[in-house]
Ligand SMILES: Nc1ncnc2c1ncn2[C@@H]1O[C@H](COP(=O)(O)OP(=O)(O)OP(=O)(O)O)[C@@H](O)[C@H]1O
Ligand SMILES: Nc1ncnc2c1ncn2[C@@H]1O[C@H](COP(=O)(O)OP(=O)(O)OP(=O)(O)O)[C@@H](O)[C@H]1O
Ligand SMILES: [Mg+2]
Ligand SMILES: [Mg+2]
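Residue numbers (our numbering), protein chains in the order written: chain A, 22 to 389; chain B, 22 to 389; chain C, 16 to 418; chain D, 22 to 368; chain E, 261 to 574.
Next comes the structure, spelled out in structure tokens:
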């Protein structure tokens with residue numbers, strides 16, 4: 022139950038700055054996800070929070086106490102590594118109790134905590150095994166258990182699920198969420214998988230190239246991405262982006278023209294746009310309709326390249342004229358189409374996102 | 022363009038039999054996926070087809086010619102390994118040409134084929150690089166290229182995508198599908214990911230513990246799984262299964278009673294059922310409705326445990342009374358619910374699957 | 016015909032001369048090719064025995080180990096003038112004959128006879144004002160004088176000898192010790208024990224520094240010539256083969272000479288040793304080997320070698336004119352020459368006895384242990400006796416196996 | 022103290038433990054380097070200098086001067102006369118405690134002085150003849166060629182045969198595999214000096230005595246080599262070999278084109294070791310080879326070490342000569358060697 | 261390579277792929293058999309024969325006599341009560357040497373590896389420096405150090421300079437033993453250091469980070485993480501060290517002029533060598549018997565090592 026405040030944090034390796042001034046406020050008990058593409062500095066930031074990586078500049082405080090120069094142990098954080106970093110030569114029990122023994126805790130208390138954590142994570146059957154004799158999911162849980170027993174002020178996770186297979190990932194995801202609900206400890210969770218971030222975190226921090234792109238609730242990011250980067254990063258499959266031009270801008274909306282989507286009017290802008298300026302139009306695959314129930318005012322045609330049917334949903338990949346990028350349409354249920362046929366699609370302009378073509382800044386979000 | 026026929030294939034390691042008599046007929050030019058849980062024998066079967074693993078019993082024929090005792094080279098198969106197994110010390114060009122050189126092919130012909138394959142896979146820019154200098158996706162394509170240049174009778178793939186990250190996986194998936202459309206060579210594709218199998222293959226073979234559970238078109242498996250195993254394995258998220266009892270069995274349907282779902286009548290049975298017998302009722306998450314548009318005749322209530330919203334779709338996990346297993350409901354778009362609240366759900370009984378509780382055999386499939 | 020001639024010596028000039036002689040021989044005998052091989056001493060010691068035991072190796076070789084003599088061929092039938100050869104080499108041929116061979120066998124010739132006598136650093140004696148030990152001095156007197164010189168001049172090593180059983184043996188004979196009795200090795204007898212006790216006493220007092228024999232192990236040979244040449248030693252018990260090297264090494268650094276062997280109850284014994292040039296049984300060209308041996312053993316060649324390299328040959332060379340301008344060397348050679356006649360038969364016999372090397376080895380080994388304090392005097396006597404007994408037992412087995 | 026040293030800490034901080042670590046490394050470097058450097062320096066000293074005590078750091082030699090009327094150059098000395106005055110003189114001859122000297126400026130006049138009044142003048146001098154002399158005394162080029170031949174051929178064969186055996190032992194399952202491997206490993210326990218005599222009998226039996234091939238063949242199959250390569254090959258994924266099999270490569274082609282190139286680091290390590298072993302081999306070639314046209318360098322050098330004289334100046338020089346190639350090879354390949362030993366030594 | 265490839269491919273067609281491993285291992289095995297197994301067999305055979313003849317067929321069979329003679333001892337702890345007291349002296353010396361050398365090398369190699377692992381700069385250089393002596397020949401090492409330790413050697417000139425005294429190191433029993441051990445550590449340490457260093461670098465960094473987060477002191481990190489995780493490497497090092505220590509010969513022999521002073525540094529292999537090669541009385545049977553005994557002891561030592569390690573792991 023610790024609030025964390027980062028002010029203008031920077032990190033340089035030699036003359037190379039990789040974190041360029043980051044400000045984040047984490048409320049006490051919050052579950053925060055750090056997302057971003059590979060190499061954007063997620064791990065580095067997390068390690069700065071943990072105390073494993075010295076802070077080059079800026080201030081890090083836990084509950085208003087400056088911790089820049091405290092060791093990980095003094096900060097009372099616990100960390101779950103991507104590789105788990107279990108001690109391979111110790112039994113599960115020893116792995117869990119090792120940190121507590123370092124603190125000269127009483128035997129009885131150690132055992133109590135270890136047993137409680139093991140029970141909670143359903144690893145009490147394996148306490149005498151070595152990590153080698155555990156499956157990936159079990160190892161994952163031991164790693165979490167090692168963090169839990171220490172009753173830390175903050176939990177840090179560095180891509181803890183990326184070594185698991187899809188099925189186990191889904192399962193462990195919900196276990197961590199449950200854990201947070203139970204313990205209510207502040208948690209910071211690094212991932213490059215936006216599905217994880219969307220489904221688990223209360224707040225998401227999108228990092229890119231050592232800078233914060235946007236901080237917000239998952240649905241906020243989905244509905245109103247602050248810029249093209251976030252729009253492209255959040256949402257799976259990714260948002261379709263089309264170039265367009267502002268024809269006119271009036272009281273009840275903006276009229277746009279796009280070679281791919283034709284001319285349509287979008288209501289309720291967040292920012293002012295000038296007629297004649299270039300914009301990027303974003304449409305999520307699920308907002309494009311191939312079998313229109315309610316006809317939208319915008320629309321276009323595409324040549325089908327591929328159809329992926331999963332039984333209960335289908336993704337249709339197609340190419341609009343003059344476009345290099347594929348358009349993806351999400352169709353609920355089963356849908357069949359031959360490669361090469363031309364399909365028309367429509368959309369409700371209210372769902373369109375608009376971005377400035379110049380700097381990628383969001384001009385308008387969308388209700389879902 | 023080779024048809025493959027397997028007759029009562031068996032494989033033993035010492036006294037341990039891991040493949041227990043498998044019969045599969047692969048049509049010439051077909052794209053077959055072998056799926057099944059880990060350790061079920063997929064790789065073993067594939068290696069038996071390739072000739073890398075000797076066949077303990079049974080018969081394997083390519084185009085009616087017995088190949089049991091032929092080497093991989095003699096069978097003229099090509100294989101793409103999960104690890105790619107690129108020769109790390111050879112350039113991409115050399116990797117592609119190695120197999121052809123082994124056959125003492127003319128230099129000119131080798132170059133022609135390599136260039137053609139490289140062009141097709143868009144790796145012609147990297148021909149002089151070593152595999153180390155390639156990204157995961159590029160390596161993947163080199164591995165496929167190495168298979169293509171040999172113009173084999175059969176392509177074998179052993180989980181070729183499992184080393185790629187999610188994004189790349191989607192992309193490569195469609196590339197392999199395209200490849201099959203172009204070359205029309207017989208392909209056998211091992212995966213434990215049913216999404217891959219569903220979206221790529223013309224026919225899926227579901228293996229379990231060294232035995233074939235079902236063979237069929239992807240949608241057939243989805244609509245009419247032959248048994249509980251296939252029902253649970255195909256479809257993501259997995260089918261919800263509830264216990265039930267047959268109350269009466271008449272001309273227009275079977276009336277069932279389930280502690281979780283109440284009483285409802287299911288039309289159109291595939292098999293006869295006796296009143297009073299125990300059945301398992303299967304319902305796909307996308308067939309359960311929380312915000313009913315058309316009220317179904319069946320339905321139940323559940324206590325919400327977790328809600329995972331992805332923006333354009335939401336999964337609600339809940340627990341019906343007396344049930345150990347979670348019920349999963351798929352809701353299109355965004356949906357919010359507090360943990361602990363009770364929600365009612367309904368379904369259309371036409372979509373219910375029925376299985377014999379005794380042996381898991383399917384009693385009734387479902388249209389989607 | 017081709018034969019191989021393996022030759023080894025410490026003096027490179029000697030080797031070069033030998034090679035020239037072989038070339039001359041080849042020129043005179045066009046039908047014979049001689050493969051002249053130079054080899055290191057270690058090689059001769061370790062390799063030749065192995066090779067000979069399986070019937071391999073050179074046809075002709077210069078050897079130092081007497082136990083290889085049993086592999087020698089009898090060249091008499093192949094020689095042009097065996098009797099003349101025998102006459103020239105006289106009694107020295109006896110040294111090559113092993114027990115049980117023909118009494119007139121000619122296996123080769125004795126390339127050099129060595130005598131063990133002390134060298135003294137004359138300059139040091141002069142500086143200390145101590146007279147050189149006179150003829151007839153006992154070992155004790157020589158050592159005492161050396162100690163006095165060392166004290167006066169600050170030199171560290173009054174007296175030393177090479178770490179070798181052979182070197183040890185000369186004074187042992189003069190003390191009256193015997194190595195053999197009724198064909199059995201007996202060592203040490205009472206005289207030997209007195210000698211050992213003296214050496215031990217000197218090693219403890221520093222007259223014969225411990226380092227000389229102690230700072231080495233096993234039966235390893237260790238030469239002290241460098242110490243003498245560097246002026247660190249007053250008196251050094253070695254032999255005539257050192258004269259030639261000393262001329263070069265010492266130069267004009269100090270004056271030196273050899274003196275007469277130390278005397279004792281049983282006389283003044285210069286321990287004899289020999290090197291041999293012999294032909295081996297396995298040779299496929301005994302005639303060529305015989306011709307080579309005859310040539311090298313001829314009076315002319317032997318005289319040349321003797322005079323050039325200050326060697327006491329087995330062949331009787333009258334009035335050799337040693338070719339050196341070093342007065343030190345000349346006086347040393349005189350000291351050796353006048354003692355040739357003093358060699359007792361017993362000393363020659365032991366050299367040829369199977370098992371003598373084993374006893375020598377045991378002496379070196381046990382003396383070292385005694386000197387560094389691993390054994391007491393009594394224990395050392397006991398160990399030496401046990402070693403000799405053991406050698407007798409093994410030799411008996413060998414004799415039995417030979418029959 | 023050890024606890025300081027458990028691991029690399031954050032770069033950039035320099036604390037007590039870093040000082041200790043650097044201290045240890047530098048001290049260790051001195052301990053390793055000094056004896057070797059001393060031997061190298063000493064090898065360039067004159068015989069007299071080598072034996073002088075206390076030893077001088079720099080190689081020096083007596084200063085000499087050519088004086089008219091004297092056949093040989095004379096050594097230069099400083100004479101301290103009883104009155105304390107100093108004078109440079111050249112030594113003509115020395116007998117006992119007195120020496121005949123002359124003043125180089127007046128070469129006709131010689132006079133006698135006590136040796137105690139003389140102090141020799143020395144100058145910096147590298148005695149290269151320590152190297153050239155022994156080389157003149159034997160057929161250096163011939164021995165060098167033989168050594169190179171033995172070293173190169175034996176190394177190539179070692180690499181070839183050991184890698185083939187290692188390939189079989191690591192990448193196939195066949196009857197007797199484990200037994201063969203255990204048998205090969207167990208011979209690591211036998212010191213070769215112990216089986217030299219029977220081994221020589223075998224050489225003689227095969228008629229390979231006094232033949233370079235006798236030296237080469239008997240040293241080719243090394244348990245260390247097989248072990249090292251096998252451990253390394255175990256890390257090559259089987260997939261690669263199967264991929265090649267699918268690619269219709271014959272088993273030998275798989276070995277030659279896939280396994281061998283991939284083993285390069287381990288092969289490099291073995292190559293280095295093999296070169297060192299063969300280059301330094303002494304006792305075994307000494308027994309096998311007997312004619313001089315077959316001698317290797319080490320045997321040739323040993324001939325220098327006579328029965329009676331320890332000629333330190335030659336021995337040190339020749340020691341340096343034998344060190345050189347090994348050092349050069351090491352300098353060029355040290356990364357390979359140290360990393361290769363590390364990666365293949367234990368797995 | 262074509263030249264070899266063609267016949268090998270033909271061979272594969274003839275024999276089938278399954279028999280190819282035998283083809284690959286054959287050449288090596290043939291040479292191994294001829295030059296190692298046969299001589300070892302012969303050496304064992306020699307152990308049961310007597311006399312001084314070198315040719316085995318000229319030697320009488322004596323059964324276990326050689327072994328009996330070697331083992332003929334009043335008390336194995338007091339070599340002087342044994343018939344072959346030199347052998348037992350050698351056994352004792354070897355035992356002490358093995359103990360000191362194994363522990364010493366292990367210690368120095370471990371500390372050096374830890375130090376090098378810690379260095380962020382210059383690691384490659386120091387690694388090369390410490391490894392360099394491994395490349396030297398034993399004879400060279402013995403000579404260099406003999407030269408260094410001689411009465412008038414460099415070390416003594418320092419002693420003279422600073423303490424006005426000198427020690428004849430190779431004459432004093434204690435000193436000479438220390439130097440023999442020291443020189444072999446100097447000689448071989450680099451090799452073992454590399455193996456340990458490789459082990460250290462194979463330990464994942466994140467384990468230490470996890471330990472740091474767990475608040476583990478450096479001392480505890482060493483004892484609870486580094487040391488246990490290094491065990492496999494340490495085991496290999498120890499076994500190799502034991503094997504090599506028991507077989508000590510060359511460099512010690514050269515350094516101490518044949519095992520001196522007295523018998524202070526006479527080791528088993530030297531005894532064997534000396535017995536087999538002494539001029540005049542080559543007791544080859546006895547030497548072989550001693551080698552067989554040594555081989556057995558080594559085997560037992562190694563096996564017990566492996567067994568202990570296995571037990572510790574469970
Ligand atoms: N020790 C270092 N020295 C120099 N640069 C480094 C170092 N560690 C990381 N970097 C650089 O810092 C940047 C951020 O790295 P970081 O590991 O934090 O990325 P990440 O977001 O965790 O990526 P991923 O998703 O791949 O784990 C990268 O560009 C990386 O190359
Ligand atoms: N060489 C072998 N010896 C004994 N058993 C083996 C061997 N190879 C495989 N098996 C067993 O055969 C079974 C099938 O293995 P296989 O590799 O075919 O599984 P899989 O379906 O490919 O699994 P995965 O999805 O994990 O790759 C497993 O139970 C495995 O343990
Ligand atoms: Mg990261
Ligand atoms: Mg598999």
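We treat Cβ as the ideally placed atom computed from N, Cα and C, and that holds for glycine.
These numbers were taken from a predicted model, which means no experiment stands behind them.
Evaluate residue 261(B) with the Cβ neighbour count: other Cβ atoms within 10 Å of its Cβ, from every protein chain shown; 16 or more gives buried, anything less gives exposed. Along the second chain, one-based indexing puts residue 261(B) at 240. Only buried fits residue 261(B), as 16 or more other CB atoms lie within 10 angstroms of its CB.
In the DSSP assignment, find the beta strand (DSSP E) that holds residue 278(A) and state where it starts and stops. As a working mapping, residue 278(A) is identified with position 257 in the first chain. Unbroken beta strand (DSSP E) run through residue 278(A): 274 to 279.
Please determine, among 97(D), 137(D), 120(D) and 119(D), the residue with the shortest C-alpha to C-alpha distance to residue 109(D). The residue given as residue 109(D) occupies position 88 in the fourth chain. Ranking 97(D), 137(D), 120(D) and 119(D) by Cα distance to residue 109(D) puts 97(D) first.
Please identify the residue among 138(D), 240(D) and 228(D) whose C-alpha is closest to the C-alpha of residue 104(D). Start at 1 with the first residue of the fourth chain, and residue 104(D) comes out as number 83. When only C-alpha atoms are compared, the closest one is 138(D).
Is there contact between the region 283 to 302 of chain D and the region 178 to 188 of chain D, where contact requires at least three CB pairs shorter than 8 Å? Yes: the two stretches touch, three or more of their Cβ pairs being nearer than 8 Å.
Could you name the residues whose beta carbon sits closer than 5 Å to any heavy atom belonging to ligand 2, keeping them in chain order? 34(B), 39(B), 59(B), 60(B), 61(B), 62(B), 63(B), 64(B), 65(B) and 213(B)
May I ask you to report which of helix, strand or coil DSSP gives residue 304(B)? Along the second chain, one-based indexing puts residue 304(B) at 283. Reduced to three states, the DSSP call for residue 304(B) is strand.
Which chain E residues sit within Cβ distance under 9 Å of residue 37(C)? Counted from its first residue, the third chain places residue 37(C) at position 22. Those within 9 Å of residue 37(C) in chain E number zero; the least Cβ separation is about 27 Å.
Whole angstroms are fine: how far does the CA of residue 284(E) sit from the CA of residue 408(D)? Only positions 22 to 368 of chain D appear in the structure, and residue 408(D) is not among them; the question remains open.
Are the C-beta atoms of residue 218(C) and some chain E residue less than 7 Å apart? As a first step, residue 218(C) is located in the third chain; it is residue number 203 there, counting from the start. It does not: the Cβ of residue 218(C) has no partner Cβ on chain E nearer than 7 Å.
Evaluate contact between the region 78 to 89 of chain A and the region 104 to 120 of chain A, counting only Cβ atoms and requiring at least three cross-stretch pairs below 8 Å. no
Give, in chain order, every residue of the region 69 to 81 of chain A whose Cβ lies closer than 7 Å to some Cβ of chain E. 71 and 73
7 Å Cβ cutoff, residue 268(D) in contact with chain B: Within the fourth chain, numbered from 1, the residue matching residue 268(D) stands at position 247. For residue 268(D), the answer is yes, since a Cβ of chain B falls inside 7 Å of its Cβ.
Name the chain D residues that come within less than 7 Å of residue 299(E), Cβ to Cβ? In the fifth chain, the residue the question calls residue 299(E) occupies position 39. Those within 7 Å of residue 299(E) in chain D are 216, 219, 220 and 223.
Within chain C, the residues that residue 433(E) reaches when beta carbons sit closer than 7 Å: As a first step, residue 433(E) must be located in the fifth chain, where it is residue number 173. By Cβ distance, chain C contributes 387.
Quick one: what's got a C-beta closer than 8 Å to residue 41(B)'s C-beta in the same chain, skipping five residues either side? Here residue 41(B) is taken as the residue at index 20 of the second chain, counted from 1. Taken in chain order, the residues that qualify are 31, 230, 231 and 232.
In this structure, does DSSP put residue 88(A) in helix, strand or coil? As a first step, residue 88(A) must be located in the first chain, where it is residue number 67. Residue state, collapsed to three classes: coil.
So, using beta-carbon positions, are residue 282(A) and residue 323(A) closer together than 7 Å? If you number the first chain from 1, residue 282(A) lands on position 261. If you number the first chain from 1, residue 323(A) lands on position 302. Cβ distance not < 7 Å, so residue 282(A) and residue 323(A) don't count as in contact.
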